[in-house]
Amino acid sequence: MIYFILISVLVVLIIGAAVYAIRQKDLLYAVIATGIISLILSILFYMLQAPDVALTEAAIGVALTTIIFIITIRNTVRFEDERDKKDKFKSAVK
Amino acid sequence: MSILEIIGGILILIGSAFLFLGALGIFRMPDVYNRLQAGTKATTLGGMSLVLGVGFLEPSWMLKSLIIIIFIAYSNPISSHALARAMYRRGHYPLIKDKDKEKMDAYREVVPHKTKEEEKS
Amino acid sequence: MTYIIYIAFIFMAAGLIFSAIRFVKGPTAGDRTVALDTLTTIGVAALVLLGYVFQRFVYIDVALVYAVLGFIGVIVIARYLEGAL
């Protein structure tokens, strides 16, 4: 019963974080939401008796994805609305 | 119940209570620095206590529990310090009384920072 | 011993919910990063306690990897906010 409550809380949190990451206009907040998704997904894999998948998700999702996305934001723009205004994004795309 | 199980149960209760109090402090505190205090120090104590309690419950797991405790103890203050430094350099100053402003200004000369006018977001 | 673990899981679920509320509400980027840090530590504790519940010694390695790598994301975000990445 208690694990049903814990899995319910985790599923509600991961769906909320995914919707937040899609709807958010500030890309830095979306990257932080992606880190939360990776953490909760790792715990869910762990509770479903798959520790190897949880290990891979923990190693890749929390460190590598966040670093690559932050470097991408550093090289382009942070907000979605500034995409057309700045020349930096166009030069990065070319 | 043996004596090790009683010690482990008490440590697990203390640890989970401090984890909950740290999260509650994040929810209720008014400032970034107060949230850092509540969210990092109380959570560090809670995590270390709970992992040590699990090590007492299963004595053959004690070595790996101690390794996890060492990693928690060095990784949490590093992230807390980096985050406080970043927020100070961005121009988010703590909520402070007027008579204590001079102490903070003394630290302001040591660390380079942005002023309110330069900072937009 | 079973009820102690139930109480611990209820406390940790409440902590996850409060941290998620602060992540949604937080006015600046620092508040959201603090929420991510707290969620990581609560997650490590929950992984260790779940490993005790399942009675598998190998499962603790996941919590070990998460404790080692969990702070790198927070440090990268902090360096980006500082402007020194």
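Protein chains in written order, with this note's numbering: chain A, 155 to 248; chain B, 188 to 308; chain C, 40 to 124. For glycine and all other residues, C-beta sits at the position ideal for the given N, C-alpha and C.
When C-alpha distances from I222(A) are compared across Y105(C), G112(C) and M40(C), the shortest belongs to G112(C).
Within a 10 Å sphere around the beta-carbon of R95(C) sit fewer than 16 other beta-carbons, which makes this residue exposed. Within the DSSP bridge table, the entry for D180(A) names F233(A) as partners. Taking a Cβ-Cβ threshold of 7 Å, the residues of chain A close to L75(C) are I186, G189 and I190, in chain order.
By the C-beta density criterion, E211(A) is buried, having at least 16 other C-beta atoms within 10 angstroms. Straight-line spacing of the CA atoms in T230(B) and L206(B) works out to 5 Å. In chain B, no part has a C-beta under 8 Å from the C-beta of Y45(C); the shortest such distance is about 10 Å.
For I99(C), the CB contacts under 7 Å within the same chain, skipping 5 residues up- and downstream, are V87 and G90 in chain order.
For E211(A), the uninterrupted alpha helix (DSSP H) run begins and ends at P205 to A213, by DSSP. A Cβ-Cβ separation of about 7 Å places A84(C) in contact with G202(B) under the 8 Å criterion. Rounded to whole angstroms, the Cβ separation of G195(B) and F243(B) is 4 Å, and the two are in contact under 8 Å. Shown here, R95(C) sits in coil according to DSSP, grouped into three states, outside any helix or strand. Under the Cβ criterion (8 Å, minimum of three pairs), the region 243-252 of chain B does not count as touching the region 214-224 of chain B. In this structure the region 42-60 of chain C touches the region 157-175 of chain A; the number of beta carbon pairs closer than 8 Å is three or more.
Sequence-distant partners of G226(B) (beyond 5 residues in either direction) whose C-beta falls short of 6 Å from its own C-beta, in its chain, are G209 and I213. When CB distances to chain C are screened at a threshold of 8 Å, the residues of the region 195-219 of chain A falling below it are S196, I197, Y200, M201, Q203, P205, A208, L209, A212, A213, V216 and A217, in chain order. Between Q178(A) and A187(A) the beta-carbon gap is near 7 Å, inside 8 Å, which marks them as a contact. In terms of Cβ geometry, T220(A) and V173(A) do not form a close pair [threshold 8 Å]. Only G69, D70, T72, V73, A74, D76, T77, T80, I81, V83, A84, V87, L88, Y91, F96 and I99 from the region 69-99 of chain C bring a Cβ to less than 7 Å from some Cβ of chain B. Listed in chain order, the non-local C-beta contacts of I199(B) below 6 Å within the same chain comprise L237 and G240, local neighbours out to five positions each way being set aside.
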